[in-house]
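Read through the structure below, which is laid out as structure tokens, and then see the notes.
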Amino acid sequence: MSKLLLLGDEAIAQAFIDAGGSAINSYPGTPSTQITEYVMKSKQAKEQGVVANWCANEKTALEASIGVAYSGKRAMTCMKHVGLNVCGDPFMNASIIGTKGVIIVVADDPSMFSSQDEQDSRYYGHWAMIPMLEPSNQQEAYDMVYYGYDLSEQMGTPILMRIPTRLAHSRAGVERKPVRAQNPLSSPSDPKSYVLLPANAKNLYRSLIDKQPAFTKASQESGFNQYIPGTDHKRGIITTGIAFNYLQENFPGGKCPYPVVKITQYPLPFDMLSKLYDEVEEILVLEDGQPFVEEHIKGFLGKGKPVHGRLDETIRRDGELNAEKVAIALGNPMPKGPAVPEVVTNRPPALCVGCPHIDSYQAVIDVMKKYPNGRVFGDIGCYTLGFNMGAIDTTVCMGASVTMAKGAAEMGIFPAIGVIGDGTFGHSGMTGLLDCVNEKANVIIMILDNDITAMTGGQPSSANQKLFNICKGLGVDPDHIRTIVPLPKNHDEFMKILEEEIAYNGVSVIIPQRVCIVENKKRIAANK
Amino acid sequence: MKKDIILCGVGGDGIVSVAKIISDAALNLGMNVKQSEIHGMSQRGGSVFSHLRISSDPIFADVIPEGKADIILSSEPMEALRYLPFLAPDGAVITNSDPFINITNYPDIEKVNAELAKLKKCVSFNANAIAKELNARGNMVLLGAAAPYLELPFEELEKAIKAIFGRKGDAVVETNIKAIRAGRDAK
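Read top to bottom, the protein sequences are chains F and E.
1 is the number of the first residue of the first sequence in our numbering; add one for each residue after it.
1001 is the number of the first residue of the second sequence in our numbering; add one for each residue after it.
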């Protein structure tokens, strides 16, 4: 079979379709978005009747996958690392249930190329006590989807697959495996396992504990983890996921002289690590993420053989791993090319020329000049770039604009304006607005409606075309739900609306509505 | 044989299409390919760059280490300078000389050109101007100029263009072929 050139994301998506996946329910999030998009665009998936949905948020998405598993079919949910925070509840409890045929794919973002943090999802999987797969290349990512479903179904456990940006968004040749049939509809073999009343949950938790040795045995025997012998026992190296590639990059032909334990499956393989520890004088741990394995090996008391890595900054603690950092750790730094000349200036990402958010922000900026003690609470999306215009004061997490505005307003911050996009509002703004209404908070919530979830490449937003009715349904006074088309010519009218709502003591919603210009271009082209 | 290529420019320049053509050609010749890019910032007029690695041997890291790039291929002159730390001692920079000024503090272009002139191997020319004459895009002209440095048979690049742009019609394919040839013949 000839190889396809696929992104890590696409390899996982193609494998999901080939391995008999039935439904993928996700929320967009860089760098995971392309997995679900690939399935949605795939002719093969369509022919096979594979369901693919963008959901309101990661929690509703993962819960849908639990429902798919309940029906006996294979499910996948994809998200970026912070998305795991949003679906933490179903995630932890899916492991107690022991769902079969569920793979949760989380794309981490070391170096925070497009995120608020670089949290390492492996801690979640460890906490939930489930097996995890961390492929080191695109082919492995493909193969591990097949293996992941087998492991999930045999052992009765969801599987966490963790990939970093550099694998998610990198293309390499991938060979496909033969296509498998999807599962038929069926009932859970143990119906009580889906009822987490304490009486049941206690037994299920005990079962989860009892499964751990089998999970470790799988890690030791599957072949995904490898002990690679070496000639120089001065040090031993442990790599996780793609860190192995950065190690190989440092040696001709990729042949490292030190013994290596290459980890791509968890729980950790005790046998290989124990063997390595016995054979070498000191250990270097290489991870593209937080020092998850390193902490396991090093131990709190730091007694025993030296273990080096991020904790002692042998590898710089923050930021992604790369071949240059590994070279420094090995005592053999790589020479760089010429320095960047001083004349080079930054070209920071900015809102597109003609973006509706620019007009919305211009109105806010001009009105807020009169209210130096007021604050604008921002959120996550293209409109976060309003910070570069000086328009917003905060960005924390999805939906926080609404609820921070409420919390601050109750304390006396005035005016308190929350700025949120239509996509983000559907994700987690509605519940915050309900709180505002119930507390009669003196806030202005601006829902920037560009008719799309834009920052992640243009996916449908769940609250699309329903914003007015949702706000009214939640109890906002319809007289204080204002709409406007954000354009330069409407600037004065926009400011007037803002002034009126600032004067009003209560919950105001302002909805500037104009389609994202990138999305608009796509729609025009599609109609041609 | 291996080539580590940094492709860079500003969002919308089509630099990633160039990566696709080179990847296709390399794959057809049975070579290994790894190509990575940071998605998403391109549509916002930000800097775009892609790491493209082609090799007859297995490729390890998805990203090119600093000091190892054989070629920096840029659709914008200041962007070419941004990635100089990646350039190998005998590496070559091939860049469009036409600046893209979407920031208020874009430097004096003469200063940019002066820095490019300091490099041992640098080809800087107005690919956009040549492209305009042919009703084509600058990225294709640049690809042609880079062709000798890629050490891939020129016909393989043309074959890849036909395969990738074929469904957009013969006219598009022909324009792109003319553009890549013009780039090759430009210096």
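From the three backbone atoms N, C-alpha and C, an ideal C-beta is built for every residue, glycine too.
None of these values were measured; they are calculated from a predicted model.
Rounded to whole angstroms, what is the Cα-Cα separation between residue i and residue j?
i, j, result
"Ile12/F", "Val1112/E", "43 Å"
"Leu434/F", "Met455/F", "26 Å"
"Gly319/F", "Lys325/F", "10 Å"
"Gly407/F", "Thr431/F", "14 Å"
"Val50/F", "Val145/F", "16 Å"
"Tyr205/F", "Ser274/F", "28 Å"
"Gly331/F", "Ile315/F", "11 Å"
"Ala1146/E", "Ser152/F", "49 Å"
"Ile238/F", "Ile263/F", "7 Å"
"Lys46/F", "Met40/F", "8 Å"
"Lys255/F", "Asp1013/E", "39 Å"
"Ser170/F", "Ala503/F", "52 Å"
"Leu197/F", "Ile24/F", "28 Å"
"Ala1186/E", "Ser461/F", "48 Å"
"Ala172/F", "Val437/F", "51 Å"
"Tyr142/F", "Asp1070/E", "30 Å"
"Gly230/F", "Asp312/F", "25 Å"
"Glu519/F", "Ser65/F", "29 Å"
"Ile392/F", "Asp451/F", "21 Å"
"Gln212/F", "Ile97/F", "15 Å"
"Gly354/F", "Ala339/F", "36 Å"
Determine, for residue i, whether the minimum Cβ-Cβ distance to residues of chain E falls below 8 Å.
i, result
"Gln248/F", "yes"
"Arg316/F", "no"
"Pro28/F", "no"
"Ala172/F", "yes"
"Lys336/F", "yes"
"His357/F", "no"
"Glu324/F", "yes"
"Thr403/F", "no"
"Ala13/F", "no"
"Arg347/F", "yes"
"Leu448/F", "no"
"Asn388/F", "no"
"Leu84/F", "no"
"Pro341/F", "yes"
"Val344/F", "yes"
With a threshold of 8 Å between beta-carbons, can residue i be considered close to chain F, or not?
i, result
"Ser1124/E", "no"
"Phe1060/E", "yes"
"Glu1156/E", "no"
"Gly1067/E", "yes"
"Ile1103/E", "yes"
"Arg1167/E", "no"
"Ala1088/E", "yes"
"Val1203/E", "The structure shown does not extend to residue 1203/E, since chain E spans only 1001 to 1187, so no value can be given for it."
"Val1016/E", "no"
"Gly1183/E", "no"
On the criterion of 16 or more Cβ atoms from any shown chain inside 10 Å, does residue i qualify as buried, or is it exposed?
i, result
"Trp54/F", "buried"
"Glu1110/E", "exposed"
"Val485/F", "exposed"
"Glu282/F", "exposed"
"Val209/F", "The residue you asked about is not Val; residue 209/F is Ile in the sequence shown. Ile209/F comes out exposed."
"Val76/F", "First, the residue type needs correcting, since residue 76/F is Met and not Val in the sequence shown. Buried: at least 16 other Cβ atoms inside 10 Å."
"Gly223/F", "exposed"
"Ser1074/E", "buried"
"Phe270/F", "exposed"
"Val567/F", "Since the first and last residues shown for chain F are 1 and 528, residue 567/F lies out of range."
Consider the C-beta atom of residue i and the heavy atoms of the ligand FAD; say whether any pair is separated by less than 7 Å.
i, result
"Cys352/F", "The ligand FAD is not among the ligands present in this structure, which contains no ligands whatsoever."
contact_flag[the region 108-123 of chain F, the region 281-295 of chain F] where n(CB pairs < 8 Å) is 3 or more: yes
- prompt: Do the region 479-495 of chain F and the region 509-519 of chain F make contact, defined as three or more Cβ pairs closer than 8 Å?
  reply: The region 479-495 of chain F vs the region 509-519 of chain F: in contact.
query: Are there three or more Cβ pairs, one per stretch, closer than 8 Å when the region 247-255 of chain F is compared with the region 181-200 of chain F?
result: no
- prompt: According to a CB-to-CB cut-off of less than 9 Å, which residues of the region 1020-1038 of chain E neighbour chain F?
  reply: Lys1020, Ser1023, Asp1024, Leu1027, Asn1032, Val1033, Lys1034, Gln1035, Ser1036, Glu1037, Ile1038
query: Would you call the region 373-389 of chain F and the region 413-424 of chain F in contact, with 3 or more CB pairs under 8 Å?
result: yes
- request: Scan the region 1110-1143 of chain E for residues whose Cβ lies nearer than 7 Å to a Cβ of chain F and list them as they occur along the chain.
  value: Lys1111, Val1112, Glu1115
query: Is there contact between the region 1021-1031 of chain E and the region 1084-1095 of chain E, where contact requires at least three CB pairs shorter than 8 Å?
result: In short, these stretches do not touch, since the Cβ pair count stays below three.
- request: Count the CB pairs spanning the region 77-97 of chain F and the region 127-139 of chain F that are closer than 8 Å, and state whether there are at least three.
  value: The region 77-97 of chain F vs the region 127-139 of chain F: in contact.
- prompt: Closer than 7 Å, Cβ to any Cβ of chain E: which residues of the region 108-124 of chain F, in chain order?
  reply: So the close ones are Phe113, Ser114.
- prompt: So does the region 1172-1184 of chain E actually touch the region 1128-1140 of chain E, counting three or more Cβ pairs closer than 8 Å?
  reply: yes
task: Output, in sequence order along the chain, the residues in the region 288-300 of chain F whose CB is closer than 7 Å to any CB in chain E.
output: none
message: Between the region 1126-1133 of chain E and the region 1162-1173 of chain E, can you find at least three pairs of beta-carbon atoms closer than 8 Å?
response: no
Contact list for the region 251-269 of chain F against chain E, Cβ threshold 8 Å: If the cut-off is 8 Å between Cβ atoms, the region 251-269 of chain F has Gly253, Gly254 near chain E.
- prompt: Listed from N- to C-terminal order along the chain, which residues in the region 138-169 of chain F have their beta-carbon within a distance smaller than 8 Å of any beta-carbon of chain E?
  reply: Thr165, Arg166, Leu167, His169
message: Whether or not the region 96-107 of chain F and the region 155-162 of chain F are in contact is what I'm after, with contact meaning three or more pairs of Cβ atoms, one per stretch, closer than 8 Å; do they touch?
response: yes
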